[in-house]
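Asker: Please find one structure pasted underneath; my questions will follow.
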Amino acid sequence: MPEEDPNPRTPDDDSLFQGKTWLSRRVIDFINIWTPRCQEATHLISEGMDHPLPRVTRFKLRAHYLTCCYCERFEKNLRFLRWVIRSLPWENGDASVGQLTPEAKERLKRALRDEHGRG
Amino acid sequence: MGLVEASLTFLQEISFRLLLTVYFFNPVAAKETQLKPNPDRWVDDHGDCLYRYALVRVRTPEVAQDLVQEAFLAALRSCDKYAGRSSERSWLFGILKNKIVDYYRKLGRETSFTDMESLSDEFSEKFVSEGWWVHANGPKDWKPEPEVLAHRSEFWKTMHHCLSKLPDRIAKVFMLREMEELSTKEVCKTLTISETNLGVMLYRSRMALRECLEMNWFEKGKK
Numbered sequence: 001m002p003e004e005d006p007n008p009r010t011p012d013d014d015s016l017f018q019g020k021t022w023l024s025r026r027v028i029d030f031i032n033i034w035t036p037r038c039q040e041a042t043h044l045i046s047e048g049m050d051h052p053l054p055r056v057t058r059f060k061l062r063a064h065y066l067t068c069c070y071c072e073r074f075e076k077n078l079r080f081l082r083w084v085i086r087s088l089p090w091e092n093g094d095a096s097v098g099q100l101t102p103e104a105k106e107r108l109k110r111a112l113r114d115e116h117g118r119g
Numbered sequence: 120m121g122l123v124e125a126s127l128t129f130l131q132e133i134s135f136r137l138l139l140t141v142y143f144f145n146p147v148a149a150k151e152t153q154l155k156p157n158p159d160r161w162v163d164d165h166g167d168c169l170y171r172y173a174l175v176r177v178r179t180p181e182v183a184q185d186l187v188q189e190a191f192l193a194a195l196r197s198c199d200k201y202a203g204r205s206s207e208r209s210w211l212f213g214i215l216k217n218k219i220v221d222y223y224r225k226l227g228r229e230t231s232f233t234d235m236e237s238l239s240d241e242f243s244e245k246f247v248s249e250g251w252w253v254h255a256n257g258p259k260d261w262k263p264e265p266e267v268l269a270h271r272s273e274f275w276k277t278m279h280h281c282l283s284k285l286p287d288r289i290a291k292v293f294m295l296r297e298m299e300e301l302s303t304k305e306v307c308k309t310l311t312i313s314e315t316n317l318g319v320m321l322y323r324s325r326m327a328l329r330e331c332l333e334m335n336w337f338e339k340g341k342k
């Protein structure tokens, strides 16, 4: 009787090799020997957002993605995060995020008028 | 005939160049682009925007207000340097941005950014002991753009909520790198931290933010 997988892949897993056949499992075993595990891969992916990774490391990550769509998604998610953070017009958010109280505005105006008068 | 045509072309060329010269070097026009400081209008027109910009980055209302005030004062003192090449608001944002980086620089001198609390790895539960993802909790396929564009303001609120949940020190490191778009070297110099520590903190902030956004936006309606 086959052993139950303690960490089964989810139904939305779209990795190229999912270990469903004997051959696929052998390919995964082979790739796993040469590529980083997911925890290390996530560190490398984050590092890759800040520095260009060595070519060999990039190749290993690509190879890892063949067996692990989760790490590939992790990289896509981080890239999306960067894109959205840098493109959202934060200052144009609505008042729920924050706005100067009338008192704060008055205080600001007073400070500026004083400085302007002095100048 | 050829001579007349050539003379006309020459005259046209000369008058066009003269017009260009007058347009770009006209002292009257130059005077018009110089900013006339109007503190009350500045606060009414740009105060809230600048405040929100600062608040998202420094996360403390009092500090954000102080930075906005400092930016306005600096703008007032340097009105004569305003060349009119950008809009008044962009110019004020530029000044505020510098003030925010100065604030972080000062904070870096006064606060330790590398304590154990901020470096502990609290994401170990995402992985099994061998280092693979716990597949059931692994990252989901976000299919983001259309959804974000359709619900821009709600997405904005979720994102803001997630950013505000980040631990303070981690958040500051993240803001400098991702929002102010400083290079890793500049962030390390500003906060006086090592590149290794920066890497760990950025990793942690990205993991937390990704997780929060997935739970509160991309997977919210699905469960």
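Chains as they are written, first to last, in my numbering: chain A, 1 to 119; chain B, 120 to 342. We treat Cβ as the ideally placed atom computed from N, Cα and C, and that holds for glycine.
Buried or exposed for A:Thr67, going by 16 or more other Cβ atoms inside 10 Å?
Answerer: Classification of A:Thr67: buried, given that the 10 Å Cβ count is 16 or more.
Asker: Whole-angstrom Cβ separation of B:Tyr201 and A:Ser46, contact assumed at under 8 Å?
Answerer: Incorrect: roughly 40 Å between the Cβ atoms, too far for contact.
Asker: Give a yes or no on whether the C-beta atoms belonging to A:Lys60 and B:Val162 are separated by under 8 Å.
Answerer: no
Asker: Sorted by chain position, which residues of the same chain lie with C-beta nearer than 7 Å to B:Met294's C-beta, five sequence neighbours on each side aside?
Answerer: Arg176
Asker: If you reduce the DSSP assignment to three classes, tell me which class B:Leu161 lands in.
Answerer: Position check: residue 161 of chain B holds Trp in this sequence, whereas Leu was assumed. Helix, per DSSP.
Asker: Okay, do the region 187-206 of chain B and the region 164-176 of chain B touch, 3+ Cβ pairs below 8 Å being the bar?
Answerer: yes
Asker: What are the complete beta strand (DSSP E) segments, minimum 3 residues, inside the region 307-338 of chain B?
Answerer: none
Asker: Can you name the residues of chain E whose CB is closer than 7 Å to the CB of B:Lys216?
Answerer: Here chain E cannot be found, since the structure's protein chains are A and B.
Asker: For the structure I just gave you, are there three or more beta carbon pairs, one from the region 269-284 of chain B and one from the region 329-336 of chain B, closer than 8 Å?
Answerer: The region 269-284 of chain B makes contact with the region 329-336 of chain B, as at least three CB pairs between them are under 8 Å.
Asker: Grouping DSSP H, G and I as helix and E and B as strand, with all else coil, what is B:Trp251?
Answerer: DSSP places B:Trp251 outside both helix and strand once states are collapsed to three, so it counts as coil.
Asker: In its own chain, which residues sit with a C-beta less than 7 Å from the C-beta of A:Lys76, not counting the 5 before and 5 after it?
Answerer: none
Asker: Return the chain-ordered list of same chain residues with a C-beta closer than 6 Å to the C-beta of B:Phe242, the five sequence neighbours on each side being excluded.
Answerer: Met326
Asker: Under the three-state reduction of DSSP, which class applies to B:Glu151: helix, strand or coil?
Answerer: Its pLDDT being 46, under 50, B:Glu151 is placed unreliably by the model, and the measurement read from it follows with that caveat. In the three-state reduction of the DSSP assignment, B:Glu151 falls in the helix class.
Asker: Leaving out five residues before and five after A:Leu100 in sequence, what residues of the same chain have Cβ atoms less than 8 Å from its Cβ?
Answerer: Leu108
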